[in-house]
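In UniProt numbering, the protein residues as written are 1 to 599.
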C-alpha cells in the first residue's frame with residue numbers, strides 16, 4: 001500500500017488529493033511555486049516543499065525538481081492531478097523508473113490515447129463513429145486549408161497531445177486558418193509541452209458528452225455514467241451535469257460501450273474519460289480520451305457515491321475496484337492482457353451539476369482576473385458541496401489556470417438540482433476578484449438550461465452557444481464592478497435603527513469625499529483613459545503582434561495576442577488610426593502597461 005504521495009499539482013485538485021490521502025492514512029506532500037507560497041493546498045497537506053520560480057515550466061512541470069523533492073520527502077508515489085504533467089508519458093515513465101508508484105494509467109496508454117490521432121485509430125478499430133480528420137499531425141497551416149477546401153468549413157484545429165480546450169481553435173473562414181493554427185500551437189506548447197496539431201471537420205451545434213471510466217489491473221473496466229459538458233466558453237467547460245440529459249437509451253448504451261471498448265482494447269488502468277460530441281441530428285462522434293482524472297469528476301461522484309480519487313489510489317496499489325462486489329482477483333500478467341469484466345457499473349442516483357468558479361471577467365470576454373480574494377464565503381445546504389483551492393485572503397496568481405473553486409449541487413431530480421443551484425449561487429459570495437458567479441446565476445435562471453434537459457425541446461446548449469448567444473443580464477452587469485477596488489477596505493459603523501443598534505459595513509470609499517470608484521472607472525480591454533494609448537487589461541505575456549508597426553488599423557481590430565492563466569485573448573484597437581508598437585513580443589506586461597499608441 002502507498003504510504004506517502006507527492007502531489008504534483010496545485011489549487012483545488014491538490015487540496016482534494018491531500019484530503020483523500022488523509023482519509024486513507026497516506027502522508028501527503030505538496031509543492032508550491034513562489035506565487036503559491038501559503039496557498040491552501042500547502043496548508044492542507046502534511047508537508048510542503050518550495051519550487052523556485054513561477055512559470056509552469058520552472059515549477060509544476062519541472063520533472064527533475066519534482067523527482068528530487070519526492071526522494072527527499074520520502075514519497076513512494078506521485079499523483080499528477082489534472083493538467084500540467086498529468087498526461088505526460090515521459091513523466092510517468094520517469095516516475096516508474098525511479099522506483100515510485102505512478103497514480104495513473106501506464107506510460108504506454110498515455111502515449112497511445114494521449115496522441116489524439118492514434119486514439120482516433122483505436123476508436124475506429126472498435127467501431128466508434130468518427131468525423132473526418134487527418135491521420136497524422138499537420139506540418140503547417142496550408143495543410144489545414146487544404147483539408148478545409150476538401151471537406152468544407154468549419155474545421156477544428158486541435159492539439160495532438162492536449163485537452164481541456166487548450167490548443168483548440170474552430171475556424172469558420174479560410175482567411176482565419178493561419179492565425180488559428182499558430183495560436184493553437186502556442187497554446188498547446190505552453191500547456192502541454194508539445195505544439196503538434198491535427199485537423200478535423202467540426203460538427204455544428206454539437207453537445208459535449210463524456211463517459212467516466214475506472215479500470216483496475218484485474219480486468220474490470222467500469223463506466224460511471226455520462227456527463228454533459230456543453231456549457232463552455234472558448235471550448236473550456238464552465239458547467240457540467242451528470243448524468244447527461246436528453247439521451248436515448250440507444251445513445252447512452254453506445255456511449256458507455258464505446259468507452260469501455262476503447263479502454264479495454266489498450267489495457268487501460270486508472271481513471272479516464274472518453275469524450276464524444278452529439279450533433280443536432282443525434283449523430284455521436286468520438287472526440288478524444290483524457291488519460292487522467294477530470295476537473296469535473298466530482299459531479300459523477302455526486303450521483304454514483306464513488307470516491308474517484310480514492311479508487312485511483314486503490315488501482316495504483318493493485319487492488320480491484322471497491323464498488324464491484326464480484327470484482328475478480330485475476331491472475332492476468334499484464335494490463336494489456338486484461339479484458340472488460342461483466343461486473344455491473346454503479347447505479348445513478350439523482351442528478352447533479354458542477355459550476356466552475358473561475359476568476360474571470362464576464363464583461364470582458366471572460367478575461368482572467370488575478371488578484372487577492374478579500375472574502376470567500378461558500379454556500380451550504382442539502383446536496384451542496386464546494387471543492388476549493390482558496391479561502392479569504394488567498395492570492396490568485398496570473399501564471400496558472402483561473403479556476404479557484406467548484407460548486408457541486410445534487411438533487412433527486414434535475415429540476416430540484418437546478419432549484420438548489422439557484423439558491424446556492426445566490427449565497428456564494430466572493431469579493432476581491434471578478435468571477436464567473438454572475439454568469440452562473442444567469443444560466444440557472446435561463447430557459448435554455450431548462451430546455452437542455454428536454455430531448456424534445458427545440459432549444460438547447462451546444463459547445464459554442466455561449467460565445468454566440470450569451471448576453472449578461474442587468475443583474476450580472478451590476479454585479480461585476482471592480483470589487484477589487486471597492487471592497488479592498490471596509491469600515492464598520494454602529495447605527496441606531498428603530499431603537500436598536502445595528503453594525504453596518506461600508507466600503508471605505510463610500511465614506512470618503514469624492515466619487516465612489518465603480519464600474520465607470522473600469523477601462524475596456526485595449527483602451528486607455530488617455531485615448532490614443534492601447535494598454536494591457538491585466539498581467540499577461542505579449543505572445544504575438546497581429547499587425548505590423550506603423551500599419552493602419554480599424555476600431556475593434558485585433559492588434560495583439562496576450563496570454564494569462566494559460567488562456568490567449570485578443571487586444572483590440574479602441575480607435576482607427578496608425579499603430580505604433582510600444583512593447584516587444586515575449587515581454588511580461590503589468591496591468592495598464594502601454595503596448596501601443598494609435599494616432
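All C-beta atoms in this analysis are idealised placements derived from N, C-alpha and C, irrespective of residue type, glycine included.
- Counting the other Cβ atoms within 10 Å of the Cβ of residue 231 gives 16 or more, which makes it buried.
- Closest option to residue 288, judged by alpha-carbon separation, among 302, 255, 282: 255.
- With respect to residue 394, residue 24 sits apart: the two C-beta atoms are not nearer than 8 Å.
- Here residue 369 carries a coil assignment [DSSP, helix/strand/coil].
- Here residue 361 is near residue 434, since their CB atoms are less than 8 Å apart.
- Per DSSP, residue 428 lies in no alpha helix (DSSP H) and is assigned neither H nor E.
- A residue is called buried when at least 16 other Cβ atoms come within 10 angstroms of its Cβ; residue 77 meets this threshold and is buried.
- Nearest neighbour of residue 469 by Cα position, chosen from 134, 449, 475, turns out to be 449.
- A distance below 8 Å separates the beta carbons of residue 551 and residue 579.
- The alpha-carbon of residue 123 is positioned some 39 Å away from that of residue 425.
- Secondary structure at residue 390: coil, using DSSP grouped into helix, strand and coil.
- Here residue 441 is buried, its C-beta having at least 16 other C-beta atoms within 10 Å.
- Of the candidates 545, 70, 313, 70 places its Cα closest to the Cα of residue 29.
- A distance below 8 Å between beta-carbons, with the five flanking residues on each side excluded, links residue 213 to the following residues of its chain, in chain order: 221, 222, 223, 224, 259, 260, 263, 268, 271, 272, 273, 274.
- Judged by DSSP secondary structure, residue 302 falls within the alpha helix (DSSP H) whose first and last residues are 297-304.
- Sequence-distant Cβ neighbours of residue 444 in its own chain, meaning closer than 7 Å and more than five residues away, are 418, 421, 422, 425.
- Residue pairing from DSSP places residue 561 in a beta bridge opposite 544, 570.
- In the structure shown, residue 2 adopts coil according to DSSP, grouped into three states.
- In this structure, DSSP gives residue 126 a state outside helix and strand, which the three-state scheme calls coil.
- For residue 581, the three-state secondary structure derived from DSSP is strand.
- The alpha-carbon separation between residue 113 and residue 215 amounts to approximately 15 Å.
- In the DSSP assignment, residue 377 falls within the unbroken beta strand (DSSP E) covering 375-377.
- Between residue 168 and residue 179, the C-beta gap is not smaller than 8 Å, which leaves the two residues out of contact.
- DSSP places residue 228 inside the beta strand (DSSP E), whose first and last residues are 221-233.
- Shown here for residue 570: same chain residues with a beta carbon closer than 7 Å to its own, the five before and five after excluded, namely 558, 561 in chain order.
- Scanning the region 165-204 from its first residue to its last, the whole alpha helix (DSSP H) runs of 4-plus residues come out as 177-192.
- The region 537-550 makes contact with the region 563-577; the number of CB pairs closer than 8 Å reaches 3 or more.
- Shortest Cα-Cα distance from residue 211 to any of 12, 277, 52 involves 277.
- DSSP places residue 212 in the uninterrupted beta strand (DSSP E) bounded by 207-215.
- Look at residue 589 here: in three-state DSSP terms it is strand.
- Distance check between residue 389 and each of 15, 92, 380 places 15 closest, using alpha-carbon atoms only.
- With a cut-off of 8 Å on Cβ pairs, the region 196-212 is not in contact with the region 314-326, counting fewer than three such pairs.
- Contact between residue 241 and residue 228 is confirmed by a C-beta separation of about 5 Å, below the 8 Å threshold.
- Our two residues, residue 349 and residue 239, have alpha carbons roughly 19 Å apart in a direct line.
- Residue pairing by DSSP puts residue 49 in a beta bridge opposite 31.
- Taking C-beta atoms under 8 Å as the contact rule, residue 411 and residue 351 qualify, at a distance of about 6 Å.
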